[in-house]
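Trainee:
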Amino acid sequence: MTDIQTKVGEPVSDEMALVHAAKAGSLQAFEELVRRYDRNVFRIAQHITQNREDAEDVVQDAFLKAYQNLANFQENSKFYTWLVRIAVNEALMKLRRRRPGQMVSIDEDIQTEEDSVPRDVADWAPNPGQLFDQAELRDLLQKTIQGLPASFRTVFVLRDVEGLSTEETAAALGLSIPAVKSRLLRARLQLRDRLTKYFKVKNSGDGKR
Amino acid sequence: MNCKEFLKELTDYLDGVIDARTKSELEDHLTWCHDCYVVCNTTKMTIEIYRDSEVYELPTDLRSRLQSAIMTKCKDSKKPAAATDQPPSKDTP
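Chains as they are written, first to last, in my numbering: chain V, 1 to 209; chain P, 210 to 302.
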């Protein structure tokens, strides 16, 4: 698993040296780990909670919890995978608190026969991102992913945005590998379907609605 | 291979974790099924566009504020016990 180069990937040995130093009491080493992963934890927290304030709390709570529990990190996985697991748990707790009437679980598996059947198979413009300015594109990507169930968007974000392997995602979420693969496929297909209305080739390439 | 079977293998195909025989069957399907070709291609673009986008980037000022808050909380909290003092335990928070 350690040969998977993640988007956040620094050499694992270097990361472990920091972890060892932090375990031995070096706050400076832990601060380096914070600097290395805070943007990733924030992104994951935002995707799950869909709320800026909650995401800020999750970043703080996750790193504090990681610091306090460093002795329990036995180094069978990357520090980052362990940290992601803490962050996902914190984010899900926030989401449950904010939506008490709603069941929010990473185990939820809403499946219908139709949800992996593409509805709109129109081809996209060659450079779809260029149909919109940066802010518009960011907004529509956020709006689109927010429409997915929490369990789908969490798997998509860990696998496809943060670059965790299937095995690391399964470990971070406490899911089986087939469950990760199944959610990932449906998340990818649903996002593709929803983005097609913005990006498809029509009216001389004007993808705006 | 039909379209349903193709879709089932799409994630492994896009991730490049598929055996040579299945890969060849998938690629054969792509040569004659335009719909699956489009779905495969646009799913790949979906992944790339999210990977390359700056969705939920952490603004610099907020980042500094969060880092200070985290380190203050860590300083105020008890130090983590040294690894050598701890018996092995599983990697769960």
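A virtual CB, placed ideally from N, CA and C, is assigned to each residue, including glycine.
Less than 8 Å between the C-beta atoms of D211 (chain V) and R119 (chain V), yes or no?
Mentor: Given a span of 1 to 209 for chain V in the structure shown, any question on residue 211 (chain V) remains unanswerable.
Trainee: What residues are listed by DSSP as bridge partners for W124 (chain V)?
Mentor: Looking at the DSSP assignment, W124 (chain V) forms a beta bridge with V:K200.
Trainee: So what's E113 (chain V) in DSSP terms, helix, strand or just coil?
Mentor: With a pLDDT of only 48 at E113 (chain V), under the threshold of 50, the placement of this residue in the model should not be trusted, and no figure is reported.
Trainee: T269 (chain P) touches chain V at which residues, Cβ-Cβ below 9 Å?
Mentor: Going along chain V, no residue has its Cβ under 9 Å from T269 (chain P), so there is no contact; the nearest lies around 10 Å.
Trainee: Check the Cβ of D38 (chain V) against every Cβ in chain P and list those closer than 9 Å, keeping chain order.
Mentor: Ordered by position in chain P, the residues that pass the 9 Å Cβ test against D38 (chain V) are L267, R272, L275, Q276 and I279.
Trainee: Which term fits R52 (chain V), buried or exposed, when burial requires 16 or more other beta carbons within 10 angstroms of its beta carbon?
Mentor: It is exposed - the Cβ of R52 (chain V) has fewer than 16 other Cβ atoms within 10 Å.
Trainee: How far does the alpha helix (DSSP H) with L158 (chain V) in it reach, from first residue to last?
Mentor: Taken as a continuous stretch (DSSP letters only), L158 (chain V) belongs to no alpha helix (DSSP H), as it is neither H nor E.
Trainee: Going along chain V, which residues have a C-beta under 9 Å from S286 (chain P)?
Mentor: What S286 (chain P) touches in chain V: L64, Y67 and Q68.
Trainee: Tell me the DSSP secondary structure of M280 (chain P) in three-state form.
Mentor: Correct three-state label for M280 (chain P): helix.
Trainee: Is there a C-beta anywhere in chain P that falls below 8 Å from the one on D133 (chain V)?
Mentor: No, its Cβ sits nowhere closer than 8 Å to a Cβ of chain P.
Trainee: Expressed to the nearest angstrom, what Euclidean distance is found between the alpha-carbon atoms of V34 (chain V) and E236 (chain P)?
Mentor: So the alpha carbons of these two residues sit roughly 43 Å apart.
Trainee: Measuring alpha carbon to alpha carbon, tell me which residue in V:Y80, V:V161 and V:Q146 is nearest K253 (chain P).
Mentor: K253 (chain P) has its Cα closest to that of V:V161, out of V:Y80, V:V161 and V:Q146.
Trainee: In chain A, what lies closer than 9 Å to D244 (chain P) by C-beta?
Mentor: Absent from the structure: chain A. Protein chains present are V and P.
Trainee: What does the Cβ neighbour count give for D54 (chain V), buried or exposed, with the cut at 16 atoms within 10 Å?
Mentor: Buried, by the Cβ-count rule.
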